[in-house]
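Read through the structure below, which is laid out as structure tokens, and then see the notes.
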């Protein structure tokens, strides 16, 4: 009797963008196993050429709806580096607060709406609205709080309209920051409730480990669990390297069986995202975030890619709790109205920030009038594609006897755990495809 | 009465407009109760070939996408274009200002000849199929989306503003950004967004597209009075204005 497995998931659901999973196996022998990305290319790096420096973040924010703040900030940092534009300490803190809001929004969306249905054995969050009404309401409440936070600083939740090279067009008032602080106290409580619920289904997280290189930003002065500052660090090396050397990290390469460009640093692939940040910076998390990590036995050095979703949950608590302290600091010093001054000049600069799904690089070159003459962007999901493929190759032989439905679910859950954001299509798009 | 079957489809875009539907938060739960969501890849695993209302996000950038869109149109009683990529081609249309072979080579280098990265000039949805209703903006304004969808579901014509962003901006009592040297496109862009960008101190960059019959000449007079140039105004319009001409008959 032959035992054929034929999995062809065309456009995996509950992820941002389009990806396919293909597995053909016969009597336990894998004939084909691929993670494919057929997203339509959008050519952002070509489109920004000829645009003024102050318009760049408007355009590249549209690379991704769910990481629009992150793309705006990466671009703005790159522009400021290219033109030696300094920003005030106040601007810096408020940007980090805005960036935290996006981490929370994106993570809650991923944990609650995209990943959780798998833990509960349903196809979407819709059936959970009747079976787990209170939990869904708490998730929605946390999601709304994150969006209101992002909207307060960014001008609206998606595609921020207050970020400019040099500073903000407008910042919230002290009263608004105080109100935000009160809301965040409630959000921390809501996140604890969500963590308690996820803990009851944590046995649905597959126990799979593969020794992996993790890459994330690391900030030493002062030591911070960073999303915005710092150098590029890896679990394979003690020294971090400066952001302007990011090409030495991504090392695009083409794999033999396809025209796909993947990234690698010290090994054939590396991973970025919440688990990478955790594995590099865990000791710097807030107290409550550490408690949540303990609930799930998440420890530094964890190599289970499915645990990325739990690392996101830990980060949710961290950003909410840390934001409360940062607002205290802002209010103690008192908010100042600051003029945004930026003078365009020729130059080239890179900027790196942590998107919710991993490290993101932007680089631009400008002429004397501040007109963009060249651009290069490398998004986190493209840095994860090779690692997803390597995980597939190690996982499938371990579960090959489990039957088609179980294998399919575990592969889909693995892709979802990386929280891919595939519509961020740029030049490093994985172009592997099957006729 | 059966609940209307609603499906959401995404083409080339950032998926930020779908995100605004998720961002309806508690109201999304009401929406899910009022309609039958039959396909929404970003949020659900179910798929369907039968629907009353098809919501299309994104613009058309590949030949095969045109075929997929036509197939959806044939099955849908009502088709809604969601967001600037769908209504006017959006940011994706900036590409059309360049030679497409050069664009592909710039971004993909040695892999530019690969079939999967081939592209056609970006099209808005109504350049391929008939569109019944448009929800403007980049991203869409979620309150406006709900209001348009509810109107459609009860058989009423949705109210879509035919006046410029300046009207909403003045009503909010904002200072004019032109007084601060910003080239704001408010006078010629369709309102309905609540003038969110100028309210946040950021010029309008035209994501909702031109209003019908904009007073372009008045805008020219004013911009000259402010010592700014028409060239700069035009350069601001290329963010969301590629391939569009104001209907000034």
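Residue numbers (my numbering), protein chains in the order written: chain S, -1 to 433; chain E, -5 to 243.
Every residue, glycine too, gets a C-beta built ideally from N, C-alpha and C.
Remember, predicted model here, so these are calculated numbers, not experimental data.
Cβ-based burial, residue i [other Cβ within 10 Å; buried from 16]
i              : result
residue 245(S) : exposed
residue 159(S) : buried
residue 6(S)   : exposed
residue 181(E) : buried
residue 205(E) : buried
residue 254(S) : In this predicted model, residue 254(S) has a pLDDT of only 49, less than 50, meaning its place in the structure is not dependable; the value taken from the coordinates is given anyway. The residue is exposed, with fewer than 16 neighbouring Cβ atoms inside 10 Å.
residue 178(E) : buried
residue 199(S) : exposed
residue 148(E) : exposed
residue 14(S)  : buried
residue 165(E) : exposed
residue 339(S) : exposed
residue 33(E)  : buried
residue 370(S) : buried
residue 246(E) : Any property of residue 246(E) remains undetermined from this structure, which presents chain E solely from -5 to 243.
residue 287(E) : Residue 287(E) lies beyond the residue range present for chain E, which begins at -5 and ends at 243; the question has no answer from this structure.
residue 395(S) : exposed
residue 264(S) : exposed
residue 131(S) : exposed
residue 341(S) : exposed
residue 258(S) : Residue placement at residue 258(S) is poorly supported in this model, since its pLDDT is 46, which falls under 50; the coordinates still yield a value, given next. Classification for residue 258(S): buried.
residue 326(S) : exposed
residue 297(S) : exposed
Member of the options whose CA lies at the smallest distance from the CA of residue i
i              : options                           : result
residue 40(S)  : 171(E), 9(E), 69(E) and 213(E)    : 9(E)
residue 383(S) : 103(S), 250(S) and 1(S)           : 250(S)
residue 348(S) : 29(S), 72(S), 90(S) and 319(S)    : 72(S)
residue 197(S) : 175(S), 177(S), 133(S) and 166(S) : 133(S)
residue 392(S) : 239(S), 226(S) and 31(S)          : 31(S)
residue 60(E)  : 154(E), 104(E) and 4(E)           : 4(E)
residue 354(S) : 25(S), 63(S) and 79(S)            : 63(S)
residue 43(E)  : 192(E), 93(E) and 63(E)           : 63(E)
residue 116(S) : 312(S), 203(S), 136(S) and 359(S) : 203(S)
residue 447(S) : 65(S), 90(S) and 61(S)            : Residue 447(S) falls outside the range modelled here, since chain S spans only -1 to 433, and no answer is possible.
residue 194(S) : 205(S), 410(S), 111(S) and 293(S) : 293(S)
residue 82(S)  : 179(S), 163(S) and 337(S)         : 163(S)
residue 94(S)  : 21(S), 226(S), 181(S) and 114(S)  : 226(S)
residue 415(S) : 240(S), 61(S), 360(S) and 269(S)  : 269(S)
residue 299(S) : 320(S), 179(S), 277(S) and 317(S) : 277(S)
residue 158(E) : 50(E), -3(E), 201(E) and 112(E)   : 201(E)
residue 122(E) : 45(E), 55(E), 161(E) and 110(E)   : 55(E)
residue 44(S)  : 317(S), 362(S) and 170(S)         : 362(S)
residue 61(S)  : 358(S), 79(S) and 365(S)          : 358(S)
residue 413(S) : 10(S), 119(S), 153(S) and 3(S)    : 10(S)
residue 69(S)  : 97(S), 397(S), 303(S) and 168(S)  : 97(S)
residue 274(S) : 320(S), 18(S) and 223(S)          : 223(S)
Residue i at chain B interface by Cβ criterion, 8 Å
i              : result
residue 150(E) : Looking at the structure shown, chain B is missing, and the protein chains on hand are S and E.
(message) Closer than 9 Å between beta carbons: that is the criterion. Which residues of the region 96 to 107 of chain S meet it against chain E?
(response) Cβ contacts with chain E: 103 and 107.
(message) Taking 8 Å as the cut-off, does the region 330 to 343 of chain S touch the region 227 to 234 of chain S (at least 3 CB pairs, one atom from each stretch)?
(response) The answer is no - the region 330 to 343 of chain S does not touch the region 227 to 234 of chain S, with fewer than three Cβ pairs under 8 Å.
(message) Below 8 Å, how does it come out for the region 400 to 407 of chain S and the region 207 to 221 of chain S: are there three or more Cβ pairs, yes or no?
(response) Too few Cβ pairs lie closer than 8 Å, so no.
(message) I'd like to know if the region 133 to 146 of chain S and the region 172 to 192 of chain E are in contact, where contact means that at least 3 CB-CB pairs between them fall below 8 Å.
(response) No: fewer than three Cβ pairs fall under 8 Å.
(request) Any chance you could list the alpha helix (DSSP H) runs of at least 4 consecutive residues sitting entirely within the region 21 to 76 of chain S, in chain order? (result) Listed in chain order, they are 42 to 45 and 54 to 59.
(request) Give, in chain order, every residue of the region 11 to 25 of chain E whose Cβ lies closer than 9 Å to some Cβ of chain S. (result) Listed by position along the chain: 11, 12, 13, 14, 16, 17, 19, 20, 22 and 23.
(message) Check whether the region 65 to 80 of chain E and the region 127 to 147 of chain E touch, using three or more Cβ-Cβ pairs below 8 Å as the test.
(response) Touching, per the Cβ criterion.
(message) At a CB distance below 8 Å, what residues from the region 61 to 86 of chain E approach chain S? Give them in sequence order.
(response) Flagged, chain order: 84, 85 and 86.
(message) Across the region 93 to 107 of chain E and the region 51 to 67 of chain S, are there enough close Cβ pairs to call them in contact, namely three or more that are closer than 8 Å?
(response) Short answer: they don't touch.
(request) Please determine if the region 185 to 193 of chain S and the region 279 to 293 of chain S are in contact, where contact requires at least 3 C-beta pairs separated by less than 8 Å. (result) Counting C-beta pairs with one atom in each stretch, the region 185 to 193 of chain S and the region 279 to 293 of chain S have three or more that are closer than 8 Å, which means they touch.
(request) Decide yes or no for the touch test of the region 82 to 90 of chain E against the region 11 to 18 of chain E: beta carbon pairs closer than 8 Å, at least 3 of them. (result) Result no; under three Cβ-Cβ pairs closer than 8 Å.
(message) Residues of the region 25 to 47 of chain S in Cβ contact with chain E at a cutoff of 7 Å, in chain order, please.
(response) Taking 7 Å as the Cβ-Cβ cut-off against chain E, the residues of the region 25 to 47 of chain S that qualify are 36, 38, 39, 40, 41, 43, 44 and 45.
(request) Check whether the region 113 to 131 of chain S touches the region 371 to 381 of chain S, taking contact to mean three or more Cβ pairs, one atom from each stretch, closer than 8 Å. (result) Contact fails: fewer than three Cβ-Cβ distances are below 8 Å.
(message) Measuring CB atoms only, is the region 155 to 174 of chain E touching the region 9 to 25 of chain S, in the sense that at least three cross pairs come out at less than 8 Å?
(response) The region 155 to 174 of chain E vs the region 9 to 25 of chain S: no contact.
(request) Pick out the complete beta strand (DSSP E) segments inside the region 107 to 191 of chain E, 3 residues or longer, and give them in chain order. (result) Considered as a whole, the region 107 to 191 of chain E harbours 127 to 129 as its complete beta strand (DSSP E) runs of no fewer than 3 residues, in chain order.
(request) Go through the region 355 to 417 of chain S residue by residue and report every complete run of the alpha helix (DSSP H) that reaches 4 residues or more, in order. (result) The qualifying runs are 378 to 397 and 402 to 415.
(message) Measuring CB atoms only, is the region 97 to 117 of chain S touching the region 307 to 314 of chain S, in the sense that at least three cross pairs come out at less than 8 Å?
(response) As far as the Cβ criterion goes, the region 97 to 117 of chain S touches the region 307 to 314 of chain S, which means the pair count is three or higher.
(request) Identify each residue in the region 174 to 195 of chain E for which the Cβ-Cβ distance to at least one residue of chain S is less than 7 Å, and report them in chain order. (result) Only those residues of the region 174 to 195 of chain E whose C-beta falls short of 7 Å from the nearest C-beta of chain S are listed: 190, 191, 194 and 195.
(message) Restricting to runs no shorter than 4 residues, where is the alpha helix (DSSP H) found entirely within the region 293 to 340 of chain S?
(response) Those alpha helix (DSSP H) runs which fall completely within the region 293 to 340 of chain S and span 4+ residues are 306 to 331.
(request) At 4 residues or longer, and completely inside the region 37 to 111 of chain E: list those alpha helix (DSSP H) runs for me, N to C. (result) The region 37 to 111 of chain E contains, as complete alpha helix (DSSP H) runs of 4+ residues, the segments 57 to 69, 78 to 81 and 94 to 102 (chain order).
(request) Using a Cβ-Cβ cut-off of less than 7 Å, give me the residues of the region 155 to 172 of chain S that come near chain E, in sequence order. (result) Cβ contacts with chain E come from 155, 156, 157, 159, 160, 167 and 168.
(request) Please list the residues of the region 95 to 109 of chain E that have a C-beta atom closer than 7 Å to any C-beta atom in chain S, keeping them in chain order. (result) Residues are counted here when their Cβ sits less than 7 Å from a Cβ of chain S; for the region 95 to 109 of chain E these are 97, 100, 101, 102, 105 and 108, given in chain order.
(message) To be precise: take each residue of the region 22 to 51 of chain E, compare its Cβ to all Cβ atoms of chain S, and keep it if any distance is under 9 Å. Which residues remain?
(response) Residues are counted here when their Cβ sits less than 9 Å from a Cβ of chain S; for the region 22 to 51 of chain E these are 22, 23, 26, 27, 31, 34, 35, 36, 37, 38, 39, 40 and 41, given in chain order.
(message) For a minimum of 3 consecutive residues, which ranges assigned as the beta strand (DSSP E) are wholly contained in the region 168 to 244 of chain S?
(response) Within the region 168 to 244 of chain S, the complete beta strand (DSSP E) runs of at least 3 residues are 213 to 218, 229 to 232 and 235 to 239.
(request) Select from the region 66 to 96 of chain S all residues with a C-beta closer than 8 Å to any C-beta belonging to chain E, and list them in chain order. (result) Answer in chain order: 66.
(message) Whether or not the region 190 to 198 of chain E and the region 164 to 171 of chain S are in contact is what I'm after, with contact meaning three or more pairs of Cβ atoms, one per stretch, closer than 8 Å; do they touch?
(response) Contact between the region 164 to 171 of chain S and the region 190 to 198 of chain E is present, because at least three Cβ pairs lie under 8 Å.
(request) Check distances from the C-beta atoms of the region 141 to 168 of chain E to those of chain S and list, in chain order, the residues that come in under 8 Å. (result) Those residues of the region 141 to 168 of chain E that come within reach of chain S (Cβ to Cβ, closer than 8 Å) do not exist; the list is empty.
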